[in-house]
């Protein structure tokens with residue numbers, strides 16, 4: 001074997017630096033004199049040629065082709081991400097760039113979401129993402145390559161590409177998901193029962209309200225390829241993934257053993273696997289909310305809330321959180337995301353004196369999307385003296401634009417009850433919207449422009465008593481004279497649920513207001529329960 005002697009040149013008078021490699025002080029000073037007296041004069045070289053691969057380094061762990069030549073900066077492909085990274089380092093040289101972490105993401109992650117498989121195959125980042133997805137299929141033994149039986153139909157597959165972003169909007173991961181074209185499934189043949197373990201937003205707010213009251217920290221975990229853990233009972237066949245067909249068996253199909261994304265029964269199969277696992281390990285399922293799991297003793301409690309493959313949990317005892325995390329990782333491939341900061345589009349700030357929920361990043365996105373970034377602001381979300389009517393004489397507007405704006409605003413009401421009434425009032429006219437209705441929607445956006453950072457504050461110092469409020473009017477709907485009702489529910493000073501006053505009652509107002517209030521109270525009691 002070759003025998004090498006390594007040495008380091010440094011200025012004898014210089015002190016060792018512990019700065020990072022991209023700071024000025026981390027480079028050798030110019031003009032330093034090297035001491036050449038400590039160099040080896042004899043190097044022993046074996047006449048027997050040896051491989052570049054060390055015997056203690058497994059070939060499976062080598063990235064790239066081990067037989068390829070050494071790549072220097074001049075030999076790096078000019079169009080590759082590695083060349084962009086090297087160019088950046090060369091350009092910055094001895095300056096410490098404040099956006100260096102953003103550069104790392106930009107160099108090694110694609111910022112573009114492909115629309116077609118042909119685009120993705122031209123980008124190394126998306127090819128790696130697709131290979132990672134298929135590796136999960138291999139690990140979980142999702143399917144088996146077989147000949148398509150006579151009389152059976154194979155369901156098509158397609159790739160879906162998404163850039164995962166953090167709460168700052170920075171791309172942190174390229175995710176390629178292989179999904180089955182579930183719309184081609186036939187009920188009774190390809191699937192029977194359908195159920196999705198989706199928690200309601202009220203449940204998430206109650207969870208955070210309880211966490212603020214008890215004073216514990218909420219954490220978040222993500223299950224990698226969650227649906228692949230669920231087993232299905234039906235006989236389902238899917239075509240081979242586009243771009244990754246087996247060259248030796250191009251006409252064969254895959255028989256699905258586990259629940260593939262896109263199949264109608266996939267959410268049910270995943271929920272059955274997860275709930276069975278938690279119940280076997282001492283957790284109890286919620287009586288009303290089936291996506292809530294808890295475990296408690298005399299003094300401590302741990303809560304686990306499931307939203308498909310996203311899991312949030314918290315406990316009065318930190319060790320219980322660590323045990324739950326270890327328990328989940330022993331059965332599933334999990335990604336620990338630390339303290340909860342961003343969940344289902346909600347920004348969550350956990351502080352010592354409470355929890356704040358907002359959607360100001362989402363507000364900025366929809367303002368930019370509908371070109372309201374530079375408009376005059378409005379003090380209120382709706383005109384109080386001018387109720388909305390059908391206005392049949394006014395001109396029609398683009399129905400697709402109108403519905404898109406309403407849909408964006410409806411999602412924002414998850415943390416903004418101040419716009420609930422206005423959004424519901426405008427949503428009544430989605431069939432044939434007029435210019436007056438579009439003006440009312442634009443007023444909501446102008447209101448958001450002036451108040452983008454409002455949200456829900458759940459203080460720690462407050463009682464946990466349940467309070468509910470309800471109200472109803474008499475013939476409040478000027479279109480059909482139906483009564484409208486609304487209400488809200490608090491846990492102490494924490495607003496957890498609200499219903500729009502524009503929600504019509506199912507009858508025409510022909511009797512006394514007291515009876516209508518009783519019906520509104522009945523609806524409020526149902527929400528309380």
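In the UniProt record's numbering, the protein residues as written are 1 to 529.
Backbone N, C-alpha and C fix where the C-beta goes; we use that ideal spot for every residue, glycine too.
Predicted, not measured: the structure shown is a model, and the values here were computed from it.
Whole-angstrom distance between residue j and residue i, CA atom to CA atom
{"i": "residue 329", "j": "residue 255", "result": "28 Å"}
{"i": "residue 235", "j": "residue 136", "result": "21 Å"}
{"i": "residue 161", "j": "residue 365", "result": "20 Å"}
{"i": "residue 410", "j": "residue 487", "result": "17 Å"}
{"i": "residue 226", "j": "residue 378", "result": "44 Å"}
{"i": "residue 465", "j": "residue 205", "result": "15 Å"}
{"i": "residue 220", "j": "residue 403", "result": "33 Å"}
{"i": "residue 435", "j": "residue 429", "result": "11 Å"}
{"i": "residue 277", "j": "residue 261", "result": "21 Å"}
{"i": "residue 294", "j": "residue 280", "result": "13 Å"}
{"i": "residue 171", "j": "residue 113", "result": "11 Å"}
{"i": "residue 340", "j": "residue 457", "result": "16 Å"}
{"i": "residue 525", "j": "residue 380", "result": "30 Å"}
{"i": "residue 186", "j": "residue 310", "result": "29 Å"}
{"i": "residue 452", "j": "residue 386", "result": "25 Å"}
{"i": "residue 323", "j": "residue 359", "result": "32 Å"}
{"i": "residue 157", "j": "residue 303", "result": "37 Å"}
{"i": "residue 327", "j": "residue 273", "result": "14 Å"}
{"i": "residue 523", "j": "residue 493", "result": "22 Å"}
{"i": "residue 109", "j": "residue 178", "result": "19 Å"}
{"i": "residue 319", "j": "residue 297", "result": "14 Å"}
{"i": "residue 285", "j": "residue 397", "result": "48 Å"}
{"i": "residue 460", "j": "residue 211", "result": "9 Å"}
{"i": "residue 183", "j": "residue 332", "result": "28 Å"}
{"i": "residue 268", "j": "residue 154", "result": "21 Å"}
{"i": "residue 390", "j": "residue 201", "result": "32 Å"}
{"i": "residue 143", "j": "residue 263", "result": "14 Å"}
{"i": "residue 146", "j": "residue 498", "result": "53 Å"}
{"i": "residue 134", "j": "residue 239", "result": "14 Å"}
{"i": "residue 491", "j": "residue 463", "result": "7 Å"}
{"i": "residue 314", "j": "residue 484", "result": "39 Å"}
{"i": "residue 283", "j": "residue 321", "result": "13 Å"}
{"i": "residue 237", "j": "residue 151", "result": "12 Å"}
{"i": "residue 232", "j": "residue 432", "result": "44 Å"}
{"i": "residue 392", "j": "residue 399", "result": "15 Å"}
{"i": "residue 132", "j": "residue 159", "result": "13 Å"}
{"i": "residue 287", "j": "residue 249", "result": "50 Å"}
{"i": "residue 209", "j": "residue 401", "result": "36 Å"}
{"i": "residue 559", "j": "residue 413", "result": "Absent from the model: residue 559. The displayed extent of the chain is 1 to 529, so no value can be given."}
Residues near residue i by beta carbon distance below 6 Å, same chain, minus five either side
{"i": "residue 207", "result": "305"}
{"i": "residue 521", "result": "470"}
{"i": "residue 349", "result": "356"}
{"i": "residue 289", "result": "203"}
{"i": "residue 394", "result": "434, 435, 436"}
{"i": "residue 422", "result": "381, 382, 444"}
Minimum Cβ-Cβ distance from residue i to chain C less than 8 Å
{"i": "residue 141", "result": "Protein chain content of the structure displayed is limited to a single chain, and chain C is not contained in it."}
Distance CB(residue i)-CB(residue j) smaller than 8 Å
{"i": "residue 424", "j": "residue 437", "result": "no"}
{"i": "residue 363", "j": "residue 406", "result": "no"}
{"i": "residue 355", "j": "residue 415", "result": "no"}
{"i": "residue 342", "j": "residue 312", "result": "no"}
{"i": "residue 176", "j": "residue 126", "result": "yes"}
{"i": "residue 258", "j": "residue 229", "result": "yes"}
{"i": "residue 129", "j": "residue 174", "result": "yes"}
{"i": "residue 334", "j": "residue 223", "result": "yes"}
{"i": "residue 418", "j": "residue 454", "result": "yes"}
{"i": "residue 361", "j": "residue 347", "result": "yes"}
{"i": "residue 325", "j": "residue 336", "result": "yes"}
{"i": "residue 382", "j": "residue 443", "result": "yes"}
Close Cβ partners of residue i (< 7 Å) along its chain, the five nearest in sequence each way excluded
{"i": "residue 316", "result": "214, 216, 300, 301"}
{"i": "residue 367", "result": "373, 445, 448, 449"}
{"i": "residue 528", "result": "466, 468, 489"}
{"i": "residue 266", "result": "227, 230, 259, 260"}
{"i": "residue 149", "result": "none"}
Residues near residue i in its chain [Cβ-Cβ closer than 8 Å; skip 5 each side]
{"i": "residue 164", "result": "171, 172, 173, 174, 175"}
{"i": "residue 140", "result": "225, 228, 229, 258"}
{"i": "residue 192", "result": "234, 265"}
Ordered list of beta strand (DSSP E) runs contained in the region 314-377, each at least 3 residues: You should have 334-339, 346-351, 354-358.
What alpha helix (DSSP H) runs, 4 residues minimum, are completely inside the region 394-453? The qualifying runs are 399-412, 420-427, 435-450.
Count the C-beta pairs between the region 241-255 and the region 117-133 that are closer than 8 Å, then say yes if the count reaches three, no if not. Yes, the region 241-255 is in contact with the region 117-133.
Runs of beta strand (DSSP E) wholly within the region 234-289 (minimum 3 residues, chain order): Counting only unbroken stretches of 3 or more residues, the beta strand (DSSP E) elements lying wholly within the region 234-289 are 253-256, in sequence order.
Kindly provide the ranges of any alpha helix (DSSP H) runs that are 4 or more residues long and lie completely inside the region 109-148, ordered along the chain. Fully enclosed alpha helix (DSSP H) runs of 4 or longer: 117-121, 124-140.
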